[in-house]
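J.: Pasting in a structure now, in structure tokens, and then I'll have a few things to ask.
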Amino acid sequence: MPVGVTGVEVAAGAGAGLRGELAEQVRELAVRADGGAHRADVVAQRLRALAADGGTGWQGRAAAAFAGRAAEREGAARALARAWEDVAAAARAHAAAVETGA
Amino acid sequence: MSAGGAGALHVSTGGPAVVDLALLEGTAAALGAAAEELVLLGADAVRWAASPQLLVSAPAAPASAWTLAAAVHDLLLGPRNAAAVAAETIALAGRLRFAALRYRVGDEAAEAVVAAARRATAGLVVEAAPGLAAGAAAVVAADALRRVDVVTGAVAVEAVRQARTGDLDTARLERVAADTAREQLADAEHDARALAVDVFAAHPGLTREVVALTPHLLAAAGQRQPLLGAAAQVLAPGADDDVAGVAGAVVAAGGLAGALGGGRRTDAVTVRPVAGRAAPVRPAAGLAELLDGVAQQSTGWPPGRESLGGRVPGATTPPPGSLRVERVTGADGRVAWVVAVPGTQEWSPVPGANPMDLTTNVRAVAGQETATAGAVVQALRAAGAAPGEPVLLAGHSQGGLTVSAVAADPAVREEFTVTHVVTAGAPTDTTAVPADVRVLSLEHVDDVVPSLDGADAPSSDSRTVVRRDTGASGGLDPLAAHASSAYVATAALADRSDDPALVVFRASAAPFLDRPGARVEVFDYTAERLPRAAAP
Numbered sequence: 007m008p009v010g011v012t013g014v015e016v017a018a019g020a021g022a023g024l025r026g027e028l029a030e031q032v033r034e035l036a037v038r039a040d041g042g043a044h045r046a047d048v049v050a051q052r053l054r055a056l057a058a059d060g061g062t063g064w065q066g067r068a069a070a071a072f073a074g075r076a077a078e079r080e081g082a083a084r085a086l087a088r089a090w091e092d093v094a095a096a097a098r099a100h101a102a103a104v105e106t107g108a
Numbered sequence: 042m043s044a045g046g047a048g049a050l051h052v053s054t055g056g057p058a059v060v061d062l063a064l065l066e067g068t069a070a071a072l073g074a075a076a077e078e079l080v081l082l083g084a085d086a087v088r089w090a091a092s093p094q095l096l097v098s099a100p101a102a103p104a105s106a107w108t109l110a111a112a113v114h115d116l117l118l119g120p121r122n123a124a125a126v127a128a129e130t131i132a133l134a135g136r137l138r139f140a141a142l143r144y145r146v147g148d149e150a151a152e153a154v155v156a157a158a159r160r161a162t163a164g165l166v167v168e169a170a171p172g173l174a175a176g177a178a179a180v181v182a183a184d185a186l187r188r189v190d191v192v193t194g195a196v197a198v199e200a201v202r203q204a205r206t207g208d209l210d211t212a213r214l215e216r217v218a219a220d221t222a223r224e225q226l227a228d229a230e231h232d233a234r235a236l237a238v239d240v241f242a243a244h245p246g247l248t249r250e251v252v253a254l255t256p257h258l259l260a261a262a263g264q265r266q267p268l269l270g271a272a273a274q275v276l277a278p279g280a281d282d283d284v285a286g287v288a289g290a291v292v293a294a295g296g297l298a299g300a301l302g303g304g305r306r307t308d309a310v311t312v313r314p315v316a317g318r319a320a321p322v323r324p325a326a327g328l329a330e331l332l333d334g335v336a337q338q339s340t341g342w343p344p345g346r347e348s349l350g351g352r353v354p355g356a357t358t359p360p361p362g363s364l365r366v367e368r369v370t371g372a373d374g375r376v377a378w379v380v381a382v383p384g385t386q387e388w389s390p391v392p393g394a395n396p397m398d399l400t401t402n403v404r405a406v407a408g409q410e411t412a413t414a415g416a417v418v419q420a421l422r423a424a425g426a427a428p429g430e431p432v433l434l435a436g437h438s439q440g441g442l443t444v445s446a447v448a449a450d451p452a453v454r455e456e457f458t459v460t461h462v463v464t465a466g467a468p469t470d471t472t473a474v475p476a477d478v479r480v481l482s483l484e485h486v487d488d489v490v491p492s493l494d495g496a497d498a499p500s501s502d503s504r505t506v507v508r509r510d511t512g513a514s515g516g517l518d519p520l521a522a523h524a525s526s527a528y529v530a531t532a533a534l535a536d537r538s539d540d541p542a543l544v545v546f547r548a549s550a551a552p553f554l555d556r557p558g559a560r561v562e563v564f565d566y567t568a569e570r571l572p573r574a575a576a577p
């Protein structure tokens, strides 16, 4: 029952279209989060390579210590990648909920 | 130790070892590059978390928003966030570089390198300090540490070059350190700090969340590398090397108590009177001035902005959590009350002292009690509103959600006589306000927020919905149509409209508005969510 007045419309309105648009934008954020997970995985791979190669440059306890520390950093980078993946998954679930109004 | 060939050493301490110094230094450089990527990744995480789409979509689906907020919280502040991993990686790179340096040039020269780099990089860290003081971030700290690492590396290279000639020129080391530090400051291309600071400036609530990690980051790095320890000392003067000490100093400086513990606060609330704010000289003349009064309670009210119609001379930015109660007395002595409640002020997913935050948004849309609603009731009570005296509740955004919920609360209706509700840009369509309360809802069709309750805006005998397309949807700011100033403009149109629904609403609201012989008194409050221990 729209009643037009100057510059103002008194009426009921629909929000489904805006919700769909917003859900799509949240899905785009999920794709960006996927990219973050990939980049963190790449860093982890570089750290793994350093852990493996660095130990060949010297020997003894220092080498073992470095390999251990580098492996810890690799594990941390992989955990970071998983954190990005969790964010991406949560964003996709949120997008679906926004779209359906669940 | 003894040299066994070009660059190779046999080390007798700490067990037998043969070290290829070039490989050691190359590994340190590669670790530094990995840390750089982690710093940039951390900055991206902060920018991602501050995306406006996340903020405005939260009320549309509170349950999934909460899950997402927890995942983002873990990404930014979890034990393996990007900044923490970057700092640990930088620390490891530093150990390798200094080990190699000590072998190459001896302890004395290595100490000279440390001294030169420390003096030069103190400036770097101080440069980062304004961002840290304004709301530091782990990303900012990690970025500063990375720059320190780069400067140290450059000085070490110079020291090694000098060692080959047999002369240690400390003045030259100082110059190299200073030059490299200047280059780092000018490095805009990879300026993660600038990225982070921009985001944090736009979202101060997020900033306070992230900053709490910073001292732990610095202290952890400082324990492994003296130079980084010096950085921590610059950032947190007076703090000792103990993690808790450093953390305590910075946390106290930033007023961050409670920022990290999501469970430390409840939705219990208290209001405190505030004296000295600029007061209105008369009651509001219409809807636009009513909503302008709401906007004046927001921390987004810019200093120096003139109030609409000059009603509140000298209005300036209020303290966080402000709300205002106005007592309007007509020439006949009858009293009416107006309560103005602003929108969201804090976007942190963790509830803090200011109840006008994301927690209240999620709880309000979910139909739960909120601290802000409790504050409205307490404010009315403290101001002296009595049963039978009509009350008009006005709110923008979260404030609209809040006042609708208050009007629908049976306990409130027993204590006060709420007769009118005015909301702007609020998803209130599913709130069951009783039919004897007149509701006016202003909703912009290009404002996504009012649609977030998932319902069409229903008009009825007691509810008038005014909708308007502001034309702002094509602009760069996704929230332009949601701004309180945009709603004040719409309210001004509604004030001039001869639509029968609006004519009737304005006539019914006359006791709250300016008219001959009417006067106004104000009661200003700030609302504060109580810590769990202090909650009743």
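Residue numbers (the numbering used here), protein chains in the order written: chain A, 7 to 108; chain B, 42 to 577.
For glycine and all other residues, C-beta sits at the position ideal for the given N, C-alpha and C.
1) On the CB-based measure, 16 or more other CB atoms within 10 Å of its CB, does residue 113 of chain B come out buried or exposed?
2) Output yes if chain A places a C-beta closer than 7 Å to the C-beta of residue 87 of chain B; else output no.
3) Select from the region 86-99 of chain A all residues with a C-beta closer than 7 Å to any C-beta belonging to chain B, and list them in chain order.
4) Quick one: is residue 502 of chain B buried, meaning 16 or more other Cβ sit within 10 Å of its Cβ, or exposed?
5) Leaving aside the five residues before and after residue 357 of chain B along the sequence, list all residues of the same chain whose C-beta is less than 7 Å from its C-beta, in chain order.
6) Indicate whether the contact test is met: 3 or more Cβ pairs, each with one atom in the region 555-566 of chain B and one in the region 415-424 of chain B, closer than 8 Å.
7) Between residue 543 of chain B and residue 535 of chain B, how many whole angstroms is the CB-CB distance? I'm expecting something under 8 Å.
8) To which residues of the same chain is residue 110 of chain A closer than 6 Å at the C-beta, ignoring the five residues directly before and after it?
9) When the Cβ atoms of the region 371-390 of chain B are set against those of the region 333-344 of chain B, are three or more pairs found closer than 8 Å?
10) Assign residue 86 of chain B to buried or exposed, taking buried as 16 or more other Cβ atoms, counted over all protein chains shown, within 10 Å of its Cβ.
11) Which same chain residues end up closer than 7 Å to residue 528 of chain B when comparing Cβ atoms and leaving out the 5 residues on each side of it in sequence?
12) Among B:545, B:537, B:531, whose alpha-carbon lies nearest the alpha-carbon of residue 504 of chain B?
13) By how many angstroms is the C-alpha of residue 117 of chain B removed from the C-alpha of residue 72 of chain A?
14) Against chain A, which members of the region 317-333 of chain B pass a CB distance test of less than 8 Å?
15) Please identify, using Cβ separations under 9 Å, the residues of the region 32-45 of chain A that lie next to chain B, in order along the chain.
16) Between the region 357-389 of chain B and chain A, which residues of the former have a C-beta closer than 8 Å to a C-beta of the latter?
17) Going by DSSP in three states, residue 90 of chain A sits in which element: helix, strand or coil?
18) So, does the CB of residue 83 of chain A fall closer than 7 Å to a CB anywhere in chain B?
19) Where does residue 262 of chain B fall in DSSP's three states?
20) Counting only Cβ-Cβ distances shorter than 8 Å, please list the residues of the region 79-108 of chain B near chain A, keeping chain order.
21) Can you tell me whether DSSP reads residue 457 of chain B as helix, strand or coil?
22) Distance, Cα to Cα, residue 230 of chain B vs residue 48 of chain A?
23) Give a yes or no on whether the minimum CB-CB distance between residue 50 of chain A and chain B is below 7 Å.
24) For chain B, find out if any of its Cβ atoms is closer than 7 Å to the Cβ of residue 54 of chain A; answer yes or no.
25) Out of B:81, B:325, B:216, state which residue places its alpha-carbon closest to the alpha-carbon of residue 351 of chain B.
26) Which whole-angstrom value is the C-beta distance of residue 321 of chain B and residue 367 of chain B, which I expect to be below 8 Å?
27) Can you give me the C-alpha to C-alpha distance between residue 314 of chain B and residue 540 of chain B, rounded to a whole angstrom?
28) Pull up the distance between the alpha-carbon of residue 310 of chain B and that of residue 72 of chain B, whole angstroms please.
29) Using a Cβ cut-off of 7 Å (strictly closer), state whether residue 103 of chain A contacts chain B.
30) Does DSSP classify residue 95 of chain A as helix, strand or coil?
31) At 3 residues or longer, what runs of the beta strand (DSSP E) sit wholly inside the region 342-391 of chain B?
32) How long is the line joining the alpha carbons of residue 442 of chain B and residue 455 of chain B, rounded to whole angstroms?
33) Going along chain B in order, which residues have a C-beta closer than 9 Å to the C-beta of residue 74 of chain A?
34) Please name the residue, chosen from B:397, B:393, B:376, that lies closest to residue 363 of chain B on a Cα-to-Cα basis.
35) Is the Cβ-Cβ distance between residue 87 of chain A and residue 46 of chain A less than 7 Å?
T.: On the basis of the coordinates in this document:
1) Counting from 1 along the second sequence, the entry for residue 113 of chain B is found at position 72. With 16 or more Cβ atoms within 10 Å of its Cβ, residue 113 of chain B is classed as buried.
2) If you number the second sequence from 1, residue 87 of chain B lands on position 46. Taking Cβ atoms only, chain A never reaches closer than 7 Å to residue 87 of chain B, which makes this a no.
3) 86, 89, 90, 92, 93, 96, 97, 99
4) Here residue 502 of chain B refers to the residue found at position 461 when the second sequence is read from its first residue. The residue in question, residue 502 of chain B, is exposed, as its Cβ has fewer than 16 Cβ neighbours within 10 Å.
5) To locate residue 357 of chain B, count along the second sequence from 1; it is residue 316. Excluding residues within five positions, the ones whose Cβ falls inside 7 Å are 319, 344.
6) yes
7) As a first step, residue 543 of chain B must be located in the second sequence, where it is residue number 502. As a first step, residue 535 of chain B must be located in the second sequence, where it is residue number 494. 5 Å between Cβ atoms; contact.
8) With chain A running from 7 to 108 in the structure shown, residue 110 of chain A is simply not present.
9) yes
10) Within the second sequence, the letter at position 45 stands for residue 86 of chain B. By the 10 Å Cβ count, residue 86 of chain B comes out buried.
11) Translated into positions along the second sequence, residue 528 of chain B becomes position 487. Only 332, 437, 465, 466, 483 meet the Cβ criterion.
12) Here residue 504 of chain B is taken as the residue at index 463 of the second sequence, counted from 1. Among B:545, B:537, B:531, the Cα nearest to that of residue 504 of chain B is on B:545.
13) Sequence index remark: in the first sequence, residue 72 of chain A carries index 66 (1-based). Sequence index remark: in the second sequence, residue 117 of chain B carries index 76 (1-based). Near 27 Å, if we compare the C-alpha coordinates of residue 117 of chain B and residue 72 of chain A.
14) none
15) 32, 34, 35, 38, 39, 41, 42, 45
16) none
17) For this step, residue 90 of chain A is matched to residue 84 along the first sequence. Reduced to three states, the DSSP call for residue 90 of chain A is helix.
18) Translated into the one-based positions of the first sequence, residue 83 of chain A becomes position 77. Yes - at least one Cβ of chain B is within 7 Å of the one on residue 83 of chain A.
19) Start at 1 with the first residue of the second sequence, and residue 262 of chain B comes out as number 221. Any reading at residue 262 of chain B is ruled out, since the residue's pLDDT is 43, under 50, leaving its predicted position unreliable.
20) 79, 82, 85, 86, 89, 92, 94, 95, 97, 98, 101, 102, 104, 105, 106, 108
21) For the purposes of this step, residue 457 of chain B is taken as the residue at position 416 of the second sequence. Coil, per DSSP.
22) Sequence index remark: in the second sequence, residue 230 of chain B carries index 189 (1-based). Sequence index remark: in the first sequence, residue 48 of chain A carries index 42 (1-based). Residue confidence for residue 230 of chain B is low, a pLDDT of 43 falling below 50, so the modelled location carries little weight and cannot support an answer.
23) By 1-based counting over the first sequence, the position of residue 50 of chain A is 44. No, its Cβ sits nowhere closer than 7 Å to a Cβ of chain B.
24) Position 48 of the first sequence, counted from the first residue, corresponds to residue 54 of chain A. Chain B, which has no Cβ nearer than 7 Å to the Cβ of residue 54 of chain A, makes this no.
25) On the second sequence, position 310 is the one that residue 351 of chain B refers to. The option with the nearest alpha carbon to residue 351 of chain B is B:325.
26) As a position in the second sequence, residue 321 of chain B is number 280, starting the count at 1. As a position in the second sequence, residue 367 of chain B is number 326, starting the count at 1. Right, the Cβ-Cβ distance comes to about 7 Å (below 8 Å), so this counts as a contact.
27) For the purposes of this step, residue 314 of chain B is identified with residue 273 of the second sequence, where counting begins at 1. For the purposes of this step, residue 540 of chain B is identified with residue 499 of the second sequence, where counting begins at 1. Straight-line Cα distance between these residues: approximately 40 Å.
28) Taking the second sequence and counting its residues from 1, the one referred to as residue 310 of chain B is at position 269. Taking the second sequence and counting its residues from 1, the one referred to as residue 72 of chain B is at position 31. If I take the Cα positions, the gap works out to 49 Å.
29) Looking up residue 103 of chain A in the first sequence gives position 97. Cβ-Cβ to chain B under 7 Å: yes for residue 103 of chain A.
30) For the purposes of this step, residue 95 of chain A is taken as the residue at position 89 of the first sequence. Residue state, collapsed to three classes: helix.
31) 363-370, 376-382
32) Numbered from 1 along the second sequence, position 401 holds the residue referred to as residue 442 of chain B. Numbered from 1 along the second sequence, position 414 holds the residue referred to as residue 455 of chain B. Going from the Cα of residue 442 of chain B to the Cα of residue 455 of chain B covers about 20 Å.
33) Here residue 74 of chain A refers to the residue found at position 68 of the first sequence. Those within 9 Å of residue 74 of chain A in chain B number zero; the least Cβ separation is about 11 Å.
34) Here residue 363 of chain B is taken as the residue at index 322 of the second sequence, counted from 1. Closest by alpha carbon: B:397.
35) For the purposes of this step, residue 87 of chain A is identified with residue 81 of the first sequence, where counting begins at 1. For the purposes of this step, residue 46 of chain A is identified with residue 40 of the first sequence, where counting begins at 1. For residue 87 of chain A and residue 46 of chain A, yes; Cβs fall inside 7 Å.
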